[in-house]
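Trainee:
There are 2 protein chains.
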Amino acid sequence: MERSDKREAVMQAALELVGENGFHGSPMAMIAARAGVAAGTIYRYFESKDLLIRETYGCLEKQIIASVKAEYPHDGPIREQYLHVCQRLFSYFLASPLEFRFIEQFHNSPYGIACRRDKMIGKKEKDLITELFEEGQAQQLLKELPLPVFFALTFGPLCDLCRDHILQFIVLDKQLIARTAEACWDAVKR
Amino acid sequence: MERSDKREAVMQAALELVGENGFHGSPMAMIAARAGVAAGTIYRYFESKDLLIRETYGCLEKQIIASVKAEYPHDGPIREQYLHVCQRLFSYFLASPLEFRFIEQFHNSPYGIACRRDKMIGKKEKDLITELFEEGQAQQLLKELPLPVFFALTFGPLCDLCRDHILQFIVLDKQLIARTAEACWDAVKR
DNA sequence: CCTTGGGGAATGAACGTTCATTCCTTGTCA
DNA sequence: TGACAAGGAATGAACGTTCATTCCCCAAGG
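Chains A and B supply the protein sequences, listed in that same order. Numbered according to the numbering used here, the first sequence spans residues 2 to 191. Numbered according to the numbering used here, the second sequence spans residues 2 to 191.
#1: Relative to the C-alpha of A:Gly59, which residue among A:Gly113, A:Arg80, A:Leu84 is closest?
#2: B:Val38 to B:Leu61, Cα distance in whole Å?
#3: Leaving out five residues on either side along the sequence, give the residues of the same chain with a beta carbon under 6 Å from the beta carbon of B:Ala34.
#4: Counting along the chain, where does the alpha helix (DSSP H) carrying B:Glu183 start and finish?
#5: For the alpha helix (DSSP H) containing B:Asp165, name the first residue and the last one.
#6: What does A:Leu143 pair with, by DSSP beta-bridge criteria?
#7: Identify, in the order they occur along the chain, each residue of the same chain with its Cβ nearer than 6 Å to the Cβ of B:Gly20, setting aside the five sequence neighbours on each side.
#8: Within the continuous alpha helix (DSSP H) that includes A:Gly59, where are the two ends?
#9: Taking A:Ile171 as the query, report the chain B residues whose CB atoms sit under 7 Å from its CB, ordered along the chain.
#10: Within the chosen definition, does the region 78–89 of chain A reach the region 135–147 of chain A through at least 3 CB pairs nearer than 8 Å?
#11: Is it the case that the Cβ atoms of B:Leu129 and B:Val189 are separated by a distance below 8 Å?
#12: Taking just the CA atoms, how far does A:Asp165 sit from B:Leu90?
#13: Could you confirm whether any beta carbon from chain A is found closer than 8 Å to the beta carbon of B:Arg55?
#14: Does DSSP put A:Ala36 in a helix, a strand or coil?
#15: Around the Cβ of B:Gly26, are there at least 16 other Cβ atoms within 10 angstroms (buried) or fewer (exposed)?
#16: Could you please give the first and the last residue of the uninterrupted alpha helix (DSSP H) stretch that includes A:Phe103?
#17: Give the range of the alpha helix (DSSP H) segment to which B:Ile114 is assigned.
#18: Can you look up B:Asp76 in the DSSP assignment and give me helix, strand or coil?
#19: For B:Phe156, tell me which candidate among B:Leu168, B:Asp174, B:Trp186, B:Lys175 has the shortest Cα-Cα distance.
#20: Hey, B:Met29 and B:Lys50 are a contact pair by Cβ (cut 8 Å); roughly how many whole angstroms apart?
#21: Taking only three categories from DSSP, how would you classify A:Ile171?
#22: Helix, strand or coil: how does DSSP classify B:Phe91 here?
#23: Along the region 33–60 of chain A, where does the CB come closer than 8 Å to a CB of chain B? Name the residues.
#24: Cβ of B:Asp76 less than 8 Å from any chain A Cβ?
#25: Quick test of the definition: if touching needs 3 or more C-beta pairs under 8 Å, does the region 70–80 of chain A touch the region 38–47 of chain A?
#26: For a test of the three-state rule: what should DSSP assign to B:Phe47, helix, strand or coil?
#27: Tell me the DSSP secondary structure of A:Gly137 in three-state form.
#28: What residues in the region 17–32 of chain A have a beta carbon less than 9 Å from any beta carbon of chain B?
#29: Would you mind giving the Cβ-Cβ distance between B:Tyr15 and B:Leu53, rounded to the nearest angstrom? I have them listed as a contact below 8 Å.
#30: Compare the C-beta of A:Gly113 against all C-beta atoms of chain B and say whether one is closer than 8 Å.
#31: If you run the structure through DSSP and keep just helix, strand and coil, what is B:Gly26?
#32: Grab me the residues of A:Glu56's own chain with a C-beta within less than 8 Å of its C-beta, minus the 5 sequence neighbours each way, in chain order.
#33: So which residues of chain A does B:Gly137 contact, with C-beta pairs closer than 9 Å?
#34: Go through its chain and collect everything with a Cβ distance to B:Met31's Cβ below 7 Å, but skip five positions before and after it.
#35: Using a Cβ cut-off of 9 Å, which residues of the region 88–106 of chain B contact any Cβ in chain A, in chain order?
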């Protein structure tokens, strides 16, 4: 196994275990075992558990940003851009339950409180979406509400539903996702 | 200090510390100290930390249910009932930040996963709100969406915003609360 | 009225466990 | 053979919980 392979394996193991059992159900020894690596070896790649978690989160963030930016309709109407973001996030999270659970855990923990401002998605990501909302307000398409309210009206339902889906309290199919995204649009649109 | 006073004091201390520092920033010794009680004494009133937390949560749940039910416009139109629920929950959580944070912590932990179905508020409470949504659909006032989507469209933004307010990323005044509740209504209404 | 003793509440030091982290040993390349 | 990665037992801190002891209150007896 290559050097970088072990690093990857450890992050993957951390992702899986935290997603399944939460931070406190994921001791280093267990992460090591899952990664097929000894406990001490982890410290060759990560300074501490803290940093392991944070780096793992960082990787996920990058993936999500990339996913949202892919095929982003930069020149389309605001509404289309908005629905694109919602759909992308739904797709990503539903296809990657462990990743979703990890991010949720992260945000509801001492780790996440520090970067709460960055919301459910990363800084760059937020910038993209912030622009979307600001442009929408400039075009008088959106309600007159502060930015955080737009975020709440969008990501609040989105995350709740992904969680419900992953916990199997509901089944989200393509059509239901689309209709939910529309409902969110109804909430933010003027 | 009366017997029941100590019980109360311990629960209050648990509430405060968990609200401030999370479960894992609230060892029993610290809870005991805050309650002005010795560590061992807690076990005279609560079988374990687990049960202490759960009972504390139960108390909060009761309070919230009572708050939402107070002055509930049983005979008013659906829209009014919906806005009442939103406003009550906003009021309660914004006036009780520690309680809100405790409940959030609770729901994002092994404790809360078991009762996830009960959503952000209790069983009885959910029944009230479930009725609200079902009646709204019967009257063709609401979109044709599954119940969990209504819950997500309502409580998702609500909780997100309360959190933002408590963390001081936004200031929710009465007017903004009202307009946000209206926006949620726009999301669920047909 | 004072003394005494019983019983339950409270105490907090001590225990056993769990965990992140360290460190010395072992194996494996060049 | 030297250098360095990997291993995993050892370490020590932190935690929930227990329990032998102390404290306090009050009733009964003198």
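Built from N, CA and C at the ideal position, the CB exists for glycine as well.
Mentor: Per the coordinate set shown:
#1: The option with the nearest alpha carbon to A:Gly59 is A:Gly113.
#2: Using only the alpha carbons, I get a separation of about 22 Å.
#3: Answer for B:Ala34: no residue qualifies.
#4: Taken as a continuous stretch (DSSP letters only), the alpha helix (DSSP H) holding B:Glu183 covers 175–189.
#5: In the DSSP assignment, B:Asp165 falls within the unbroken alpha helix (DSSP H) covering 148–167.
#6: Answer is A:Lys190, bridged to A:Leu143.
#7: Once the five neighbours on either side are set aside, the close Cβ partners of B:Gly20 are Leu99, Arg102, Phe103.
#8: Taken as a continuous stretch (DSSP letters only), the alpha helix (DSSP H) holding A:Gly59 covers 50–70.
#9: The contacting residues are Pro147, Pro149.
#10: Contact between the region 78–89 of chain A and the region 135–147 of chain A is present, with at least three C-beta pairs closer than 8 Å.
#11: Taking 8 Å as the Cβ cut-off, B:Leu129 and B:Val189 do not qualify as a contacting pair.
#12: Roughly 21 Å separates the two Cα atoms.
#13: No, B:Arg55 lies away from the interface with chain A (no Cβ there is under 8 Å from its Cβ).
#14: In the structure shown, A:Ala36 falls within a helical segment according to DSSP collapsed to helix, strand and coil.
#15: The residue in question, B:Gly26, is exposed, as its Cβ has fewer than 16 Cβ neighbours within 10 Å.
#16: Per DSSP, A:Phe103 belongs to the alpha helix (DSSP H) from 98–108.
#17: Element bounds for B:Ile114: 111–115.
#18: Coil.
#19: Of all alpha-carbon atoms in B:Leu168, B:Asp174, B:Trp186, B:Lys175, the one lying nearest the alpha-carbon of B:Phe156 is that of B:Trp186.
#20: With a Cβ gap of about 6 Å, B:Met29 and B:Lys50 count as contacting.
#21: Residue state, collapsed to three classes: coil.
#22: If DSSP states are grouped into helix, strand and coil, B:Phe91 belongs with the helices.
#23: Answer set for the region 33–60 of chain A: empty.
#24: Closer than 8 Å: no.
#25: They do not touch, by the three-pair rule.
#26: B:Phe47: coil per DSSP, three-state reduction.
#27: Assigned with DSSP and collapsed to three states, A:Gly137 falls in helix.
#28: Across the region 17–32 of chain A, CB contacts with chain B closer than 9 Å involve Asn22, Gly23, Phe24, His25, Gly26, in sequence order along the chain.
#29: With the sequence shown as reference, residue 15 of chain B is identified as Ala, and Tyr is not the correct amino acid for it. So it is a contact: roughly 6 Å between Cβ atoms.
#30: No, no contact with chain B.
#31: Three-state result, B:Gly26: helix.
#32: Here the set comprises Met12, Phe47.
#33: By Cβ distance, chain A contributes nothing, its closest Cβ being about 14 Å from B:Gly137, past 9 Å.
#34: Only Leu18 meet the Cβ criterion.
#35: Residues passing the 9 Å Cβ filter: Glu105, Gln106.
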